[in-house]
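Encoded as structure tokens, the structure appears first; notes follow it.
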Amino acid sequence: MLILGIESSCDETAVALIERGENNRIICEKVKSQIPLHKKYGGVVPEIASRSHYETIDKLTKEVLSESETDISLIDLIAVTQGPGLIGSLLIGLSFAKGLSYSSGKPLIGIDHIQAHIESPFITYGEKINYPLIALVVSGGHTSIFHQRSKFETEVFTTTRDDAAGEVMDKVAKFLDLGYPGGPILDKLYPEGDNSRFKFTIPRMSDGSGDFSFSGYKTAALRVFEKHNIKSGDVDFNDLISSFMNSMTDYLILKLKEGIKEFDPKSIIIAGGVSRNSLLRQKALAELEKEGRKVFLPEGEYCTDNATMIAWLGYEKFKQFPKGNYFDRSINSYSRSKFNLKS
Ligand code: KG4
Ligand code: ZN
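Here you go:
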């Protein structure tokens, strides 16, 4: 069957057409990033994001359909991100998908964005991934570890109490005047410095809970910067970035190890924008696979927001409700996670 995926939860407008069933293939996928629009503000401006989705989504969908040499009458299902994310951005994608569904008579299915990130390595590795699994979803908006007994049985193991890991990388890079988004810039600079020069303490919750907390990293990095009067380009500057990234990634791996101990999973997934980070990927493979664990990371373009993961999960959800009684065009967007997360 042919599935059209639509994603607009944050600052990427994305549309994809895939085929699932006997054949599993990506026919066409497009992502229009808004990075150039938000760059000068050092972060996503929600109103600008909504407007850009509004101006882009129709054109991008037409491009995907025409480059696939198909039209909406030949599609079997429309899958759209329902939440969580920026509410204005989500509403543009969902309203557009609803309109398309009404006018074409095609079924519509709402997809949870976090669940779709967990699905993203399945695009490449499919049945090699086994349940139960644990999944770290780490991006600019989320940092949580989930346990899944099966695809749609998801529970939260731990989540961040404050900032997301990607958000802290973006803020530190902004403070150091390195540009936006910070994660990929810090990734590139990491090998230039001594990663053990500055010590960052791994956060521990005073109430004994296993939650993540990242805001301390931001404060610690800025304190080192000011205390040592570090200037851009100094050896100290490179050492600060390497030490910061080393500790942040150690922290993520440490929490994954706690999850492994708790659930003894058959597979481990790391997904979301920060899963693109070279150091995190390297550590996950070296440290977790060494313990005999199977680690699955999405391919580069499926780490960050994309519509292929939305369409991919759309098919899986459709298989659960094959009679079509699930399709409901009155669904609404939701900005906060359904998984009872704090961020
Ligand atoms: O999943 P995503 O596209 O959007 C959100 O849901 O937030 O993730 C974007 C985040 C940003 O914080 C960005 O800095 C981070 O992912 N990121 C990276 C890398 N590439 C993107 N962080 C570290 N290393 C990277 N290579
Ligand atoms: Zn995302």
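Here this note's numbering is used: the first residue of the sequence shown is 29, the next is one more, and so on. Beta carbons are placed, not taken as given, at the ideal position from N, Cα and C, and that holds for glycine. All of these numbers come straight from a predicted model, not from anything done at the bench.
Checklist line | Extent of the continuous alpha helix (DSSP H) run through Thr182 | finding: For this step, residue 182 is matched to residue 154 along the sequence shown. From DSSP, Thr182 is part of no alpha helix (DSSP H) but of the beta strand (DSSP E) over Glu181 to Thr187.
Notebook entry, point to check: When you compare each of Gly261, Tyr208 and Asp191 to Leu65 by their alpha carbons, which one comes out closest?
Noted result: Reading the sequence shown from its first residue, position 37 is the one you call residue 65. It is Tyr208.
Margin query: I want to check one thing, is the minimum distance from the CB of Arg364 to the heavy atoms of the ligand NAD below 7 angstroms?
Written below: In terms of ligand content, the structure shown lacks the ligand NAD and carries the ligand KG4 and the ligand ZN instead.
Next item on the list: State the CB to CB distance for the pair Thr336 and Ile46, rounded to an integer number of angstroms; the pair is presumed to be in contact (CB under 8 angstroms).
Entry: To locate residue 336, count along the sequence shown from 1; it is residue 308. To locate residue 46, count along the sequence shown from 1; it is residue 18. Thr336 to Ile46, Cβ: 6 angstroms. Contact.
Check: Which runs of the alpha helix (DSSP H) fall wholly inside the segment 253–305 and span at least 4 residues, in chain order?
Finding: 263–291
Note to self: the ligand ZN and His81: does any heavy atom of the ligand fall closer than 7 angstroms to the residue's C-beta?
What the structure shows: For this step, residue 81 is matched to residue 53 along the sequence shown. Incorrect: His81 has no Cβ contact closer than 7 angstroms to the ligand ZN.
Item checked: beta-carbon Gly211 near the ligand ZN non-hydrogen atom, thresh 7 angstroms -> Counting from 1 along the sequence shown, the entry for residue 211 is found at position 183. For the ligand ZN, not one heavy atom lies less than 7 angstroms from the Cβ of Gly211.
Notebook entry, point to check: Quick one: what does DSSP say Arg79 is sitting in, helix, strand or coil?
Noted result: On the sequence shown, residue 79 is found 51 positions in, with the first residue counted as 1. The answer is helix: DSSP assigns Arg79 an H, G or I state.
Check: Is any heavy atom in the ligand ZN found nearer than 7 angstroms to the beta carbon of Asp333?
Finding: The residue given as residue 333 occupies position 305 in the sequence shown. Correct: Asp333 has its Cβ closer than 7 angstroms to the ligand ZN.
Check: the ligand ZN heavy atoms versus the CB of His256: any closer than 7 angstroms?
Finding: Translated into positions along the sequence shown, residue 256 becomes position 228. Because no heavy atom of the ligand ZN lies under 7 angstroms away, the Cβ of His256 does not count as near it: no.
Check: Do you know offhand how far Gly113's Cα is from His141's?
Finding: Translated into the one-based positions of the sequence shown, residue 113 becomes position 85. Translated into the one-based positions of the sequence shown, residue 141 becomes position 113. Going from the Cα of Gly113 to the Cα of His141 covers about 8 angstroms.
Margin query: Is Met197 a contact residue of the ligand KG4, with contact defined as CB to any heavy atom under 7 angstroms?
Written below: Position 169 of the sequence shown, counting from 1, holds the residue named residue 197. Checking every heavy atom of the ligand KG4 against the Cβ of Met197, one is found closer than 7 angstroms.
Check: What do you reckon, is the C-beta of His66 under 7 angstroms from a heavy atom of the ligand KG4?
Finding: Here residue 66 refers to the residue found at position 38 of the sequence shown. His66 Cβ: outside cutoff for every heavy atom of the ligand KG4.
Margin query: Within the continuous beta strand (DSSP E) that includes Asp140, where are the two ends?
Written below: Looking up residue 140 in the sequence shown gives position 112. Here the beta strand (DSSP E) through Asp140 covers Leu136 to Asp140.
Next item on the list: Please name the residue in Phe174, Leu30 and Arg357 whose C-alpha comes closest to that of Phe240.
Entry: Here the question's residue 240 lines up with position 212 in the sequence shown. For the residues Phe174, Leu30 and Arg357, the minimum Cα distance to Phe240 belongs to Phe174.
Notebook entry, point to check: Out of curiosity, what's the CA-to-CA distance linking Asp267 and Asp86?
Noted result: By 1-based counting over the sequence shown, the position of residue 267 is 239. By 1-based counting over the sequence shown, the position of residue 86 is 58. Their Cα atoms are separated by approximately 46 angstroms.
Next item on the list: Give the secondary structure of Lys68 by DSSP, where H, G and I count as helix, E and B as strand, and everything else as coil.
Entry: Indexing the sequence shown from 1 puts residue 68 at position 40. Of the three classes helix, strand and coil, the one that applies to Lys68 here is helix, per DSSP.
Note to self: Check this for me: beta carbons of Pro149 and Ile297, under 8 angstroms apart or not?
What the structure shows: Taking the first residue of the sequence shown as 1, we reach residue 149 at position 121. Taking the first residue of the sequence shown as 1, we reach residue 297 at position 269. Yes, these two residues count as a Cβ contact at 8 angstroms.
Check: Counting along the chain, where does the beta strand (DSSP E) carrying Lys347 start and finish?
Finding: For the purposes of this step, residue 347 is identified with residue 319 of the sequence shown, where counting begins at 1. No beta strand (DSSP E) holds Lys347; the alpha helix (DSSP H) holding it covers Thr336 to Gln348.
Next item on the list: Report the residue from Ala193, Arg189, Thr109 and Leu217 whose alpha carbon sits nearest the alpha carbon of Gly301.
Entry: What you label residue 301 is simply residue 273 of the sequence shown in a count that begins at 1. Nearest option by C-alpha distance: Ala193.
Item checked: Assigned secondary structure, Val73 (DSSP; H/G/I helix, E/B strand, else coil) -> Position 45 of the sequence shown, counted from the first residue, corresponds to residue 73. Three-state DSSP puts Val73 in coil, outside helix and strand.
Item checked: Beta-carbon separation (whole angstroms), Asp333 vs Glu35, contact threshold 8 angstroms -> What you label residue 333 is simply residue 305 of the sequence shown in a count that begins at 1. What you label residue 35 is simply residue 7 of the sequence shown in a count that begins at 1. With a Cβ gap of about 6 angstroms, Asp333 and Glu35 count as contacting.
Margin query: I need the DSSP call for Gly33, collapsed to helix, strand or coil.
Written below: Here residue 33 is taken as the residue at index 5 of the sequence shown, counted from 1. Strand.
Notebook entry, point to check: How about Ser167: is its Cβ closer than 7 angstroms to a heavy atom in the ligand ZN?
Noted result: On the sequence shown, residue 167 is found 139 positions in, with the first residue counted as 1. Correct: Ser167 has its Cβ closer than 7 angstroms to the ligand ZN.
Next item on the list: Please work out which residues of its chain come closer than 7 angstroms, Cβ to Cβ, to Val200, disregarding the five sequence neighbours upstream and downstream, and give them in chain order.
Entry: Position 172 of the sequence shown, counted from the start, is the residue given in the question as residue 200. So the qualifying residues of the chain are Gly210, Lys246, Ala249 and Phe272.
Item checked: Boundaries of the beta strand (DSSP E) in which Lys58 is found, first to last residue -> For the purposes of this step, residue 58 is taken as the residue at position 30 of the sequence shown. Where Lys58 is concerned, the enclosing beta strand (DSSP E) stretches over Arg53 to Ser61.
Note to self: Would you say the beta carbon of Arg309 is closer than 7 angstroms to some non-hydrogen atom of the ligand KG4?
What the structure shows: Translated into the one-based positions of the sequence shown, residue 309 becomes position 281. Incorrect: Arg309 has no Cβ contact closer than 7 angstroms to the ligand KG4.
Notebook entry, point to check: Any heavy atom of the ligand KG4 closer than 7 angstroms to the CB of Asn305?
Noted result: As a first step, residue 305 is located in the sequence shown; it is residue number 277 there, counting from the start. Yes, the beta carbon of Asn305 sits closer than 7 angstroms to at least one heavy atom of the ligand KG4.
Check: So, using beta-carbon positions, are Ile115 and Ser365 closer together than 8 angstroms?
Finding: Against the sequence shown, residue 115 aligns to sequence position 87. Against the sequence shown, residue 365 aligns to sequence position 337. It is not a contact, given that the beta carbons lie outside the stated cut-off.
Next item on the list: Could you spell out where the beta strand (DSSP E) holding Ile151 opens and where it closes?
Entry: Here residue 151 refers to the residue found at position 123 when the sequence shown is read from its first residue. It is not in any beta strand (DSSP E) - Ile151 instead sits in the alpha helix (DSSP H) that spans Phe150 to Tyr153.
Check: How long is the line joining the alpha carbons of Arg251 and Ser270, rounded to whole angstroms?
Finding: Position 223 of the sequence shown holds residue 251. Position 242 of the sequence shown holds residue 270. Looking at the two C-alpha atoms, the distance is approximately 16 angstroms.
Check: What whole-angstrom Cβ distance do Lys58 and Glu91 have, given they're in contact under 8 angstroms?
Finding: Numbered from its first residue, the sequence shown carries residue 58 at position 30. Numbered from its first residue, the sequence shown carries residue 91 at position 63. Going by Cβ atoms, the distance from Lys58 to Glu91 rounds to 6 angstroms, so yes, they are a contact pair.
Margin query: Given this structure, state the Cα-to-Cα distance separating Asp292 from Lys322, to the nearest angstrom.
Written below: Translated into positions along the sequence shown, residue 292 becomes position 264. Translated into positions along the sequence shown, residue 322 becomes position 294. Approximately 11 angstroms between the Cα atoms of the pair.
Next item on the list: Could you tell me how far apart the beta carbons of Gly342 and Gly33 are, in whole angstroms, since I believe they sit closer than 8 angstroms?
Entry: If you number the sequence shown from 1, residue 342 lands on position 314. If you number the sequence shown from 1, residue 33 lands on position 5. With 8 angstroms as the limit, Gly342 and Gly33 qualify as a contact, their Cβ atoms being about 6 angstroms apart.
Margin query: I'd like to check one pair, Val43 with Thr89: are the Cβ atoms closer than 8 angstroms?
Written below: One-based indexing of the sequence shown puts residue 89 at position 61. One-based indexing of the sequence shown puts residue 43 at position 15. Their beta carbons are under 8 angstroms apart, which means Thr89 touches Val43 by this criterion.
Next item on the list: Look up Gly244 in the DSSP assignment and say whether it is helix, strand or coil.
Entry: Counting from 1 along the sequence shown, the entry for residue 244 is found at position 216. In the structure shown, Gly244 sits in a helix (DSSP, three-state: H, G or I).
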